[in-house]
Every structure is written in C-alpha cells, then in structure tokens.
Amino acid sequence: MASANSATVALTPDTAGSTINLGTGKTVGTLWFNGALDDMRIYNYPMSALDVAELWSETTGKGACLYPPGADLNGDCKMDLADMAILASQWLDCGLYPASFCQ
14 MASANSATVA LTPDTAGSTI NLGTGKTVGT LWFNGALDDM RIYNYPMSAL
64 DVAELWSETT GKGACLYPPG ADLNGDCKMD LADMAILASQ WLDCGLYPAS
114 FCQ
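Sequential numbering from 14 applies to the sequence shown in the numbering used here.
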C-alpha cells in the first residue's frame, strides 16, 4: 500500500474528559479519516523538528533535510554539480540569483 500523505498532529485531551477520535472533530463529525494508520505513537511531551526528523530517518532509513543549503536548486538537500548545471542553464535569464530577485 503506497502512502499518499503523512502528517503529524498534536492532540490535546479535552478538558471535559471526552475521548479523542482520530479522523473527526467536535465541529464536523462527518469528515472521517479514509485510510490506515501503520504507526501511531503518543508522547507526553512536544517533539521538536529534530525529534521528528530522527524518528522519520529511523523508520524510513533515509536522511532528513532540516536545513537545506541555499543554493540547492534541485531540492536534494545537497549543493553539487547538478545544482551548478541548473544555475549555469538559467543565469542569463535575468542575471540575478536567486530567481525571485528577477521579479
């Protein structure tokens, strides 16, 4: 089964002591989660971005990119020859880097 999306949600128990239902809320009780949960964990503390990245890396076996380099033009979390090729192919379009300065 392929995963289309994933999300981390902070759930806070209701002060009235009601049950937490996954996939529905108090305001709209008809929007049920249409999918499967394969790994659910409850922590007694808020997780930092680094905690979540480490957990994801342990689970998937892939590295997490928390701080991508500014010149990572192809989104692979590395600045390498592939990024230089993109830069070289587009540098005369406006002459400025990053391209957002060209507007």
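Yeah, the Cβ is synthetic: ideal placement off N, Cα and C, and Gly gets one too. Bear in mind that the values here come from a model prediction, so they are computed numbers and not experimental data.
Cβ separation of residue i and residue j, assumed to be a contact under 8 Å, to the nearest whole Å
i	j	result
residue 105	residue 86	With a Cβ gap of about 15 Å, residue 105 and residue 86 do not count as contacting.
residue 50	residue 62	Rounded, the Cβ-Cβ distance is 22 Å, inconsistent with contact.
residue 52	residue 72	7 Å
CA nearest to the CA of residue i, picked from the options
i	options	result
residue 97	45, 89, 84, 115	84
residue 54	68, 115, 95, 94	68
Residues near residue i in its chain [Cβ-Cβ closer than 7 Å; skip 5 each side]
i	result
residue 66	77, 79
residue 16	Because residue 16 carries a pLDDT of 48, less than 50, the predicted location of this residue cannot be relied on, and no value is offered for it.
residue 113	none
Cutoff 6 Å; reference residue i; Cβ partners in own chain excluding five residues on either side
i	result
residue 119	Absent from the model: residue 119. The displayed extent of the chain is 14 to 116, so no value can be given.
Outcome for residue i when other beta-carbon atoms lying within 10 angstroms are tallied against a minimum of 16
i	result
residue 14	Annotation note: pLDDT 43 at residue 14 (below 50); position unreliable, coordinate value reported separately. Exposed, since its Cβ has fewer than 16 Cβ neighbours within 10 Å.
Contacts around residue i, its chain only, beta-carbon distance under 8 Å, and the 5 residues preceding and following it disregarded
i	result
residue 91	82, 85
residue 102	none
**Request:** Quick one: which unbroken alpha helix (DSSP H) runs of 4-plus residues sit fully inside the region 58–98? Chain order, please.
**Result:** 62–73
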